[in-house]
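The next block holds one structure in the form of structure tokens; read it before the comments.
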Amino acid sequence: MGQKMERSEHGNRSDTNTDYLLQLLCFLKLHTYTRVQVSIDICGVDYPSREQRFEVVYNLLSIRYNSRIRVQSSADKVTRISLLTTTFVHPKTS
Numbered sequence: 001m002g003q004k005m006e007r008s009e010h011g012n013r014s015d016t017n018t019d020y021l022l023q024l025l026c027f028l029k030l031h032t033y034t035r036v037q038v039s040i041d042i043c044g045v046d047y048p049s050r051e052q053r054f055e056v057v058y059n060l061l062s063i064r065y066n067s068r069i070r071v072q073s074s075a076d077k078v079t080r081i082s083l084l085t086t087t088f089v090h091p092k093t094s
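Sequential numbering from 1 applies to the sequence shown in the working numbering.
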């Protein structure tokens, strides 16, 4: 899975390879035109029929631009996906 960005009526969505997940999240946090600061939630999804059956989904918020973005990354049952819980502020802790 490569880098892909989609726009919908509900916000932006980016699908990324697990190798680039950390870089993409840091980019979204630090770039002048995104300034994503808040992790609304992080969840895992299991699609048993897919080869890349596990997916981690980050729902993020830029307060400055009042915009949301969903970042998704898929993996098989062997690949590890690091959870980046310290990269963003969670609404309940701020």
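All residues carry an ideal CB built from backbone N, CA and C; glycine is no exception.
Can you tell me where the alpha helix (DSSP H) with Q37 in it begins and where it stops? Run containing Q37: none; DSSP gives neither H nor E here.
Reduced DSSP secondary structure (H/G/I, E/B, other) of Q52: coil
What distance in whole Å lies between the Cβ atoms of L21 and S73, which are believed to be in contact at a cut-off of 8 Å? 5 Å
Rounded to whole angstroms, what's the CA-CA distance from R80 to Y58? Just pull it up for me. 16 Å
From what residue to what residue does the beta strand (DSSP E) around V71 run? S67 to A75
With burial defined as no fewer than 16 other Cβ atoms inside 10 Å of the residue's Cβ, what is the status of L25: buried or exposed? buried
Identify which residue in T32, P48, F27 and V71 has its Cα closest to the Cα of D41. V71
Suppose you measure from the CA of M1 to the CA of V56; what does that come to, to the nearest Å? In this prediction, M1 has a pLDDT of 46, which is less than 50 and means its spatial position is unreliable; what the coordinates show is noted afterwards. Using only the alpha carbons, I get a separation of about 14 Å.
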